[in-house]
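The listed protein sequences correspond, in order, to chains A and B.
Going by our numbering, the letters in the first sequence line up with residues 7 to 258, in that order.
Going by our numbering, the letters in the second sequence line up with residues 14 to 399, in that order.
Glycine residues also receive a C-beta, built at the ideal position from the N, C-alpha and C atoms.
Source: prediction; values computed, not measured.
Report on one structure; see the data block that follows.
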Amino acid sequence: MLKVENVKKKFIKLDEKKKKHEFWADKDISLEAKEGEIVGILGPNGAGKTTLLRMIGGILEPTEGTVKFDDISYAEDEITIKKNLAYLSGNTKIYQNLTSYELLNMCCEFYGVDKDTAQKRIEKIAKKLKMESFLYNKIEKLSTGQTQRVNIARCLVHDPKYYILDEATSGLDIISSQVILDFIKEERDKGKTILYSTHYMEEAENICDKVLLIHKGEVICTGTPSEILKKTSTTNLRDAFFALIGGNDDEK
Amino acid sequence: MKNNVKHMLKKELKEMFRDKKSLSMMLIIPIMIPLLIIGMSALFEMQTNKPQEDYNKVGFTYELSETEKTILENVGIDYEENTVEKLEEGVQNGDVNMYVTKEDANYIFHSRRDDKSSYTERLVSTYFESYKQYLQTAYLNNHDMPAEDILNIITYGYAPTDADDGTSEYFANYITTYAFLFIIMAITVSATYPATDATAGEKERGTLETLLTFPIKSKDIILGKFLSVSISSIITGLLSLILMVTSLVVANGMFTIYEEVSLMPSITSLAFALVVIIAYSCLISGLCISIASKAKTFKEAQSALTPLTFISFFPSMIAFMIEIKSSALLSMVPFLNFTLLFTDITNGEVDILNIVLMIASTIIFIAVMLSMIIKQYKSENVLFTN
């Protein structure tokens with residue numbers, strides 16, 4: 007189980023006059039994600055979703071609070087946590103000079119997957135994600151959709167227990183987005199824990215078991231999509247969000 | 014843990030050898046070494062064996078006696094008598110190399126300052142020495158004095174301790190030392206690009222974030238990157254050494270200035286040179302990785318590393334120009350120690366203690382630099398520019 011408790015993140019920003027300013031990207035966020043659960047983290051751009059996921063993914067260190075996977079924190083055993091984790095964001099960049107096969111093989115090496123298992127997994131995943139035609143092509147030659155499929159394959163090769171997916175469908179066409187959504191559902195059905203951040207409310211409504219609505223670094227509501235709709239007396243998460251923040255924030 | 018360093022190294026090498034820019038940086042300077050050796054040797058030969066007809070045209074603004082003309086012919090000067098204006102014009106358009114004016118017993122040489130003037134001056138000085146001796150002998154004889162005894166009251170001469178006059182050895186040492194300095198420059202240049210690409214470049218391309226999600230410690234990431242840049246620098250150093258030795262052997266057979274010496278370094282010298290190359294490659298790679306890691310963009314890293322090329326070359330040039338001798342203490346001074354050891358290798362005077370001290374100090378410097386950068390690699394300010 008993934009347990010995030012009272013996590014906060016402070017950044018220091020420099021203004022034009024090089025004067026330092028404190029900025030809290032996330033303020034006291036807690037969440038739990040069980041096996042076989044998709045937890046959606048929703049909010050507009052700049053809400054603090056990416057910072058939160060980077061802290062959960064071990065890329066950033068929380069200013070306060072703890073992140074624990076199966077009761078183990080990063081301070082206790084970073085390597086074991088990362089071996090059971092896959093992190094994918096819409097901005098994730100992969101090595102352009104390598105072929106898809108080389109990249110997947112490299113990931114297997116880093117995650118400690120033995121050669122035979124790696125070979126079998128790569129073949130299986132390539133078939134499943136329809137990557138056979140470009141498996142041995144350099145990544146720099148692939149289309150955006152193909153690159154994102156390689157990215158998904160990269161997350162699958164070590165058979166992780168937890169997935170952190172940050173705006174994974176952002177900028178993708180409808181077919182490529184569907185490939186990712188199908189993959190998320192399939193992994194959930196296998197009992198994997200998935201954290202899924204997006205600013206597409208409808209997408210989250212369809213696949214998430216539980217949702218955290220974040221605004222300006224704070225959780226403004228949490229529950230199942232139906233609980234949130236009921237609480238806000240709205241018919242979709244988009245309206246629910248606006249109801250919770252009291253109208254269009256920009257207009258204010 | 015060791016496996017992760019190996020996997021990082023494999024990944025970095027794959028990227029490096031597929032990148033055309035990294036490859037060209039690895040090769041550009043080494044292929045200039047043969048040009049340097051052959052070019053400089055040709056220049057030395059040209060200077061040494063300059064034909065006398067190129068610089069022996071001398072004008073005189075006064076009337077020459079028959080004696081003076083005889084001495085001029087003996088020395089090999091192609092003389093003419095003319096006015097100052099005509100001779101000045103001749104000097105300006107290159108028909109005359111030098112002209113001489115006379116005021117009582119004082120003779121003044123006039124010429125342009127060019128590559129031939131020193132040769133002409135030497136030739137004219139020889140003539141005046143002979144003419145002066147003739148006048149002194151005639152004067153002493155006229156006054157019934159023993160001219161031979163007076164003029165040769167003492168005699169002196171030069172007897173070189175070497176088999177030849179030492180010129181060949183001087184040129185050989187000069188060219189070899191310069192070639193070694195060029196190897197240092199080649200290694201420095203070849204280390205900067207891959208180091209920038211592996212650190213700031215990876216940050217800029219966004220792949221560093223992906224790498225940080227893998228179960229690898231920052232120590233393994235840095236070690237992998239350091240080793241890959243070191244390997245690339247060692248390859249450049251090795252290639253430079255091979256090209257240097259080949260060029261020296263070719264120059265040895267090609268130019269008469271090296272007739273008396275063998276430019277082929279001994280196996281021991283080559284082994285020592287290899288040790289120095291490996292040590293320098295590792296030091297410069299560690300330094301480049303440390304500096305470039307702090308940069309947020311590729312451009313910023315390149316700007317930060319540019320002075321390093323000069324810094325690495327500058328102490329070497331100074332040491333070479335003012336002839337600093339190697340010592341145990343200087344063997345621990347980075348940059349300077351490599352040049353001094355290369356000079357010792359050229360002269361065949363290597364002290365093993367100096368080599369050991371250089372290796373030990375280099376290992377310490379690298380360890381300090383890498384531990385600093387490993388600590389820094391956990392800093393979000395360095396890893397995430399936004």
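Using a Cβ distance threshold of 8 Å, residue 242 (chain B) and residue 199 (chain B) do not count as a contacting pair. Runs of the beta strand (DSSP E) lying entirely within the region 25-94 of chain A and spanning at least 3 residues, in chain order: 26-39, 44-48 and 70-75. A residue is called buried when at least 16 other Cβ atoms come within 10 angstroms of its Cβ; residue 164 (chain A) meets this threshold and is buried. Contact between residue 253 (chain B) and residue 43 (chain B) holds: their C-beta atoms lie close to 4 Å from each other, under 8 Å. Between residue 366 (chain B) and residue 341 (chain B), the alpha-carbon positions lie close to 7 Å from each other. By a beta-carbon distance limit of 8 Å, residue 382 (chain B) does not contact residue 234 (chain B). Their separation comes to about 15 Å. The three-state reading of DSSP puts residue 374 (chain B) in helix, counting H, G and I together. DSSP places residue 111 (chain B) in the strand class (E or B) of the three-state scheme. Chain-order list of chain B residues neighbouring residue 206 (chain A): empty, with the shortest C-beta distance near 22 Å, by a criterion of under 9 Å. When the beta-carbon positions are compared, residue 314 (chain B) and residue 190 (chain B) stay at least 8 Å from each other.
Taking residue 77 (chain B) as reference, the option from B:274, B:112 and B:54 with the minimal CA-CA separation is B:112. Using a Cβ-Cβ cut-off of 9 Å, residue 126 (chain B) is close to nothing in chain A; its nearest Cβ partner there is about 54 Å away. Residue 146 (chain A) carries a helical assignment under DSSP once its states are collapsed to helix, strand and coil.
Proximity of residue 61 (chain B) to chain A, defined by a Cβ-Cβ separation below 8 Å, is not satisfied.
Residue 112 (chain A) and residue 361 (chain B) have their C-alpha atoms spaced approximately 47 Å apart.
By the rule that beta-carbons nearer than 8 Å mark a contact, residue 107 (chain A) does not touch chain B. Relative to the Cα of residue 172 (chain A), the nearest Cα in the group A:36, A:137 and A:60 belongs to A:60. By the criterion of a C-beta distance shorter than 6 Å, residue 151 (chain A) is surrounded in its chain by 182, once the five residues flanking it on both sides are discounted. Under DSSP, residue 123 (chain B) shares a beta bridge with B:112.
Within the same chain, 204, 208, 239, 242, 243 and 246 come within 7 Å of residue 298 (chain B) by CB-CB distance, once the 5 residues on both sides are set aside. In terms of Cβ geometry, residue 54 (chain B) and residue 268 (chain B) form a close pair [threshold 8 Å]. Ranked by Cα distance from residue 292 (chain B), the options B:375, B:33, B:75 and B:30 are led by B:375. When the Cα atoms are used, residue 288 (chain B) and residue 372 (chain B) turn out to be separated by approximately 8 Å. In the displayed model, residue 227 (chain A) falls within a strand according to three-state DSSP.
In this chain, the alpha helix (DSSP H) harbouring residue 359 (chain B) covers 349-360.
Where residue 72 (chain B) is concerned, the enclosing beta strand (DSSP E) starts and stops at 70-73. The beta carbons of residue 206 (chain B) and residue 316 (chain B) sit no closer together than 8 Å.
According to DSSP, residue 13 (chain A) shares a beta bridge with A:35. Straight across, the Cα-Cα distance linking residue 308 (chain B) with residue 32 (chain B) is about 21 Å.
In this structure, the beta-carbon distance from residue 170 (chain A) to residue 93 (chain A) falls below 8 Å.
A distance of 8 Å or more separates the beta carbons of residue 63 (chain A) and residue 84 (chain A). At least one CB of chain A lies nearer than 8 Å to the CB of residue 222 (chain B).
Residue range 91-94 is occupied by the beta strand (DSSP E) that includes residue 91 (chain B).
For residue 97 (chain A), the C-beta contacts it makes with chain B under 7 Å involve 219, in order along the chain.
In this structure, A:81 is the residue among A:54, A:76, A:81 and A:55 with its C-alpha nearest to the C-alpha of residue 67 (chain A). Residue 24 (chain B) belongs to the set of residues whose beta carbon lies under 8 Å from a beta carbon in chain A.
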